[in-house]
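Residue numbers (our numbering): 2 to 337.
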């Protein structure tokens, strides 16, 4: 969800007016997954919260160079847990799942907003389309044409992995806040309860960090929240691409055991979009059983791992900021 809002902030307008509307509570799935193996998700949740409490409690005695990667891992891993709960795990109760992942360790986004916009993303028939997909990083040709040169440069910089990892988190946070302030100014208070609960959770997180652990709010942001979001943006950087065929817009990053655990196998993104209700621990077996099918569906966008992405796109834009459909439409119009 924060992708499209980050783009909106740089464009200076709202590409997708309906992106914050009430989202569907379910999602299509060809086969309802079984509930076996959910103990793995509970184990991950225990490791996340236990690790977070231990790490923050001892933060004052740990060097920053150890605290930063550990804090980033915990916050990113918690985001992966939130994603898992949005898709109906580890229990059959949406309320129980939400309660498990609601605490905002990453600080910036309310769980309910993430849940609703992410489900809209799954219901979108045209992934990456800046008008329809709530998680698109692309813009329309008309928006690009109206942009100033500095904004265009900012968008181009954000299309590199270096830009996405360094500036991307700030753009995402500011964009969400700008969007929500705009809703309030227009008289739309429908998210007020969501934000009140979020502020309560943020207060609990920062209260523990500051008063019980002696870690400043600024240090928590720099060592936990910001780099944690950067790690999340590393995963999402190449998971969708604007292919001509709308059913071939989801990629595969094979990854290794470390990245698979961190992202709870969401690196095999084509499997997740094909079967969004499948629990994370069942995704590798599903991919192995139908590897040729999923590779074909990815349209050739199969990456060995995240080092491959870094080597290829660290200082090079993966795609132009203007969506290919918008560029083709503008080109066809100009030739008539």
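Just so it is clear, CB atoms sit at the ideal spot from N, CA and C, and this is done for glycine as well.
>> Within a Cβ cutoff of 8 Å, which residues of the same chain sit near residue 42, ignoring the five residues on either side of it in sequence?
In response: Listed in chain order, the non-local C-beta contacts of residue 42 below 8 Å within the same chain comprise 82, 85, 90, 91, 280, 281 and 282, local neighbours out to five positions each way being set aside.
> Rounded C-beta distance between residue 254 and residue 307? I'm assuming under 8 Å.
Replying inline: Yes, residue 254 and residue 307 are in contact; Cβ-Cβ is about 7 Å, under 8 Å.
> Assuming residue 61 contacts residue 215 under a Cβ cut-off of 8 Å, what Cβ separation, rounded to an integer in Å, is found between them?
Replying inline: Taking C-beta atoms under 8 Å as the contact rule, residue 61 and residue 215 qualify, at a distance of about 5 Å.
> In whole angstroms, what separates the C-alpha of residue 135 from that of residue 69?
Replying inline: Straight-line Cα distance between these residues: approximately 30 Å.
> Alpha carbon to alpha carbon, how far is residue 319 from residue 249?
Replying inline: Residue 319 and residue 249 have their C-alpha atoms some 17 Å from each other.
> Out of 98, 232 and 252, which has the shortest C-alpha to C-alpha gap to residue 304?
Replying inline: Residue 252 is the option with its Cα nearest to residue 304.
> So is residue 181 buried or exposed if we call it buried at 16+ other beta carbons inside 10 Å?
Replying inline: The residue is buried, with at least 16 neighbouring Cβ atoms inside 10 Å.
> Just checking, does the segment 96-115 make contact with the segment 195-205 on the three C-beta pairs under 8 Å criterion?
Replying inline: With the cut-off at 8 Å, the segment 96-115 and the segment 195-205 touch.
> So, are the CB atoms of residue 228 and residue 127 less than 8 Å apart?
Replying inline: Taking 8 Å as the Cβ cut-off, residue 228 and residue 127 do not qualify as a contacting pair.
>> Helix, strand or coil, according to DSSP, for residue 264 in the structure here?
In response: For residue 264, the secondary structure class from DSSP, reduced to helix, strand or coil, is coil.
> Leaving out five residues before and five after residue 202 in sequence, what residues of the same chain have Cβ atoms less than 7 Å from its Cβ?
Replying inline: Spatial neighbours of residue 202 in its own chain (CB-CB distance under 7 Å, excluding positions within 5 residues in sequence) are listed in chain order as 103, 104 and 105.
> When you compare each of 207, 173, 161 and 157 to residue 57 by their alpha carbons, which one comes out closest?
Replying inline: Looking at the Cα atoms, 207 is the closest of the given residues.
>> Does chain D have any CB closer than 8 Å to the CB of residue 316?
In response: In the structure shown, chain D cannot be found, because there is only a single protein chain.
>> Which runs of the alpha helix (DSSP H) at least 4 residues long sit entirely within the segment 235-316? Give them in chain order.
In response: Whole alpha helix (DSSP H) segments, 4+ residues: 258-263, 270-275, 284-290, 292-298 and 307-314.
> Does the separation of the CB atoms of residue 339 and residue 291 fall below 8 Å?
Replying inline: Because the chain spans 2 through 337 in this model, residue 339 falls outside it and cannot be assessed.
> residue 203 lies in the alpha helix (DSSP H); which residues open and close that run?
Replying inline: For residue 203, the uninterrupted alpha helix (DSSP H) segment begins and ends at 193-208.
>> Using DSSP's beta-bridge definition, name the partner residues of residue 174.
In response: For residue 174, which the question treats as bridged, DSSP gives no partner whatsoever.
> Based on the DSSP output, what are the partners of residue 323 in its beta bridges?
Replying inline: For residue 323, the beta-bridge partners assigned by DSSP are 140.
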